[in-house]
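Down below is the structure, laid out as structure tokens.
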Amino acid sequence: MLRLLLSFLLLPILAGAATPLKIMSFNVRYGTANDGPNHWDKRKGIVTGAIKAYDPDVVGTQECLDFQAEYIVDELPEYRWFGVGREINCGGEHMAVLYKHKSLAPIESGNFWLSDTPGVVGSVSWDSACRRMVTWAKFQHLESKQSFYFLNTHLDHKSEPARQGGAKVLRDWIAALPADAPIILTGDFNSVAGNSEAYTILTAAGLNDAWTSAVERAGPAITWSGFKAPEEGQDRRIDWILARGPIDVTRCETVTFNQKGRYPSDHFPVFGLLSIK
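In structure tokens:
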């Protein structure tokens with residue numbers, strides 16, 4: 136692992152124009168959920184511990200409420216965040232995006248909803264159990280001046296038509312971007328990688344799964360944990376990092392970070408070492 140990280144840090148020198156990026160997708164579980172011993176107040180330090188341990192440049196969160204995002208950036212001041220809630224009044228779940236403000240700058244950002252009318256705040260379609268949305272930004276790496284698009288989402292947990300419809304909205308929105316633009320998509324897709332229509336829709340559109348395209352993989356092939364250690368032999372990844380364009384994936388890891396057997400969330404974060412060529 137140390138040798139791989141060192142080689143990753145040397146990528147800009149060896150490849151000239153390559154820009155290294157550390158990306159994390161992290162369903163942090165609602166801070167208001169009645170989770171007893173796993174309530175937010177009892178695990179929030181484990182959440183920040185996981186982020187600190189992996190030191191990502193950008194984190195796409197799901198199930199994040201505004202006070203949770205504020206706690207994270209208060210504890211880890213190298214990060215800032217942006218996003219809005221998915222509801223009509225922009226409250227509720229945020230697709231909060233955390234980023235290292237000394238190395239990255241969001242030069243454009245926005246939100247759209249996964250519905251027949253993506254530009255309508257709080258819109259919902261296809262019998263979705265919840266309003267679903269995307270928060271996005273065009274980032275510029277301050278040192279290399281390289282820019283890239285970052286999108287973060289959470290597909291519906293009940294309606295299969297909503298998951299497929301949401302994937303198509305994402306596909307079409309991304310298709311409107313410049314063909315050579317580096318694009319990174321993170322999310323809890325509530326769909327099994329390699330065995331779902333949402334996955335097929337997105338990967339058929341040219342988005343590559345960081346897990347399958349990585350030079351090196353680590354951790355279990357399951358991302359929902361229920362606050363427990365991973366079960367052996369499972370292959371059920373519902374949290375993904377996808378990428379399109381001139382991006383190489385050095386490593387992808389399902390993060391099983393814990394403190395004395397206590398896990399930060401009911402999902403394992405997904406971490407990727409990427410480089411933009």
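Just so you know, we're using this note's numbering here: the sequence shown kicks off at 136 and counts up by one.
We treat Cβ as the ideally placed atom computed from N, Cα and C, and that holds for glycine.
Here the structure is a predicted model, which means the values were calculated and not measured.
Could you name each continuous alpha helix (DSSP H) segment of 4 residues or more that falls completely within the stretch 302-384, going from the start of the chain to the end?
Here the runs fully enclosed are 332-339 and 345-348.
Excluding sequence positions up to five away, which residues of its chain have a Cβ less than 6 Å from the Cβ of W216?
Start at 1 with the first residue of the sequence shown, and residue 216 comes out as number 81. Within the same chain, and ignoring the five residues on either side of W216 in sequence, the residues whose Cβ sits closer than 6 Å to its Cβ are A204, V208, A231 and L233.
Pull the bridge partners of R397 from the DSSP assignment, please.
Translated into the one-based positions of the sequence shown, residue 397 becomes position 262. DSSP, once it has assigned bridges, lists Q394 as partnering R397.
Any idea what DSSP makes of R267, helix, strand or coil?
Counting from 1 along the sequence shown, the entry for residue 267 is found at position 132. Of the three classes helix, strand and coil, the one that applies to R267 here is coil, per DSSP.
Using three-state DSSP, classify F274 as helix, strand or coil.
Position 139 of the sequence shown, counted from the start, is the residue given in the question as residue 274. Here F274 sits in strand by DSSP.
Mapping DSSP to helix, strand and coil, what is I242?
On the sequence shown, position 107 is the one that residue 242 refers to. Per DSSP, reduced to three states, the secondary structure at I242 is strand.
Within 10 angstroms of the Cβ of R379, are there 16 or more other Cβ atoms? Answer buried if so, exposed if not.
Reading the sequence shown from its first residue, position 244 is the one you call residue 379. Classification for R379: buried.
Have a look at the DSSP bridge pairing and note the partners of R386.
Counted from its first residue, the sequence shown places residue 386 at position 251. When DSSP reads this structure, R386 sits in a beta bridge with E351 and L408.
Where do the ends of the beta strand (DSSP E) carrying W261 lie?
To locate residue 261, count along the sequence shown from 1; it is residue 126. Taken as a continuous stretch (DSSP letters only), W261 belongs to no beta strand (DSSP E), as it is neither H nor E.
Can you find the residues in the same chain that come closer than 7 Å, C-beta to C-beta, to T338, ignoring five residues on each side of it along the sequence?
Numbered from 1 along the sequence shown, position 203 holds the residue referred to as residue 338. If we look at T338 and ignore the five residues flanking it on each side, its Cβ neighbours are D344.
Considering only the beta carbon of each residue, do F403 and T385 sit closer than 8 Å?
Position 268 of the sequence shown, counted from the first residue, corresponds to residue 403. Position 250 of the sequence shown, counted from the first residue, corresponds to residue 385. Going by C-beta atoms, F403 is not nearer than 8 Å to T385.
Report the option in R372, F202 and A272 whose CA atom is closest to the CA atom of Y284.
Along the sequence shown, read from residue 1 onward, the residue named residue 284 stands at position 149. Y284 has its Cα closest to that of A272, out of R372, F202 and A272.
Where do the ends of the alpha helix (DSSP H) carrying I207 lie?
Mapped onto the sequence shown, residue 207 falls at position 72. Bounds of the alpha helix (DSSP H) holding I207 are D201 to E210.
Using 8 Å as the Cβ pair cut-off and three pairs as the minimum, do the stretch 354-370 and the stretch 151-159 touch?
The stretch 354-370 is not in contact with the stretch 151-159.
What distance in whole Å lies between the Cβ atoms of T335 and V405, which are believed to be in contact at a cut-off of 8 Å?
Taking the sequence shown and counting its residues from 1, one reaches residue 405 at position 270. Taking the sequence shown and counting its residues from 1, one reaches residue 335 at position 200. In fact, because the Cβ distance is near 19 Å, the residues do not count as touching under 8 Å.
Is it true that the stretch 264-271 meets the stretch 242-250, where meeting means three or more beta-carbon pairs spaced less than 8 Å apart?
Yes, they touch.
Just how far apart, CA to CA, sit I223 and Y214?
Residue mapping note: residue 223 aligns to position 88 of the sequence shown, counting from 1. Residue mapping note: residue 214 aligns to position 79 of the sequence shown, counting from 1. Taking the straight line joining both Cα atoms gives about 27 Å.
Counting C-beta neighbours from all protein chains within 10 Å, is the total for E228 16 or more, i.e. buried, or is it exposed?
Translated into the one-based positions of the sequence shown, residue 228 becomes position 93. E228 should be labelled buried.
For a quick check, are the C-beta atoms of E198 and R164 less than 8 Å apart?
Start at 1 with the first residue of the sequence shown, and residue 198 comes out as number 63. Start at 1 with the first residue of the sequence shown, and residue 164 comes out as number 29. For the 8 Å CB-CB criterion, E198 and R164 form a contact.
Please classify P155: does DSSP put it in a helix, a strand, or coil?
Translated into the one-based positions of the sequence shown, residue 155 becomes position 20. Under the three-state reduction of DSSP, P155 is assigned to strand.
How many angstroms separate the CA atom of G166 from the CA atom of N393?
Taking the sequence shown and counting its residues from 1, one reaches residue 166 at position 31. Taking the sequence shown and counting its residues from 1, one reaches residue 393 at position 258. G166 and N393: Cα-Cα distance of roughly 18 Å.
S331 beta carbon less than 8 Å from that of D291
Walking along the sequence shown from the start, residue 291 turns up at place 156. Walking along the sequence shown from the start, residue 331 turns up at place 196. Going by C-beta atoms, D291 is not nearer than 8 Å to S331.
Judging by CA-CA distance, which residue of G195, S260, G300 and G329 is the nearest neighbour of G218?
Your numbering for residue 218 matches position 83 in the sequence shown. Here the closest residue by C-alpha is G195.
Are the CB atoms of G220 and W261 nearer to each other than 8 Å?
Along the sequence shown, one-based indexing puts residue 220 at 85. Along the sequence shown, one-based indexing puts residue 261 at 126. Result no, Cβ atoms of G220 and W261 do not sit closer than 8 Å.
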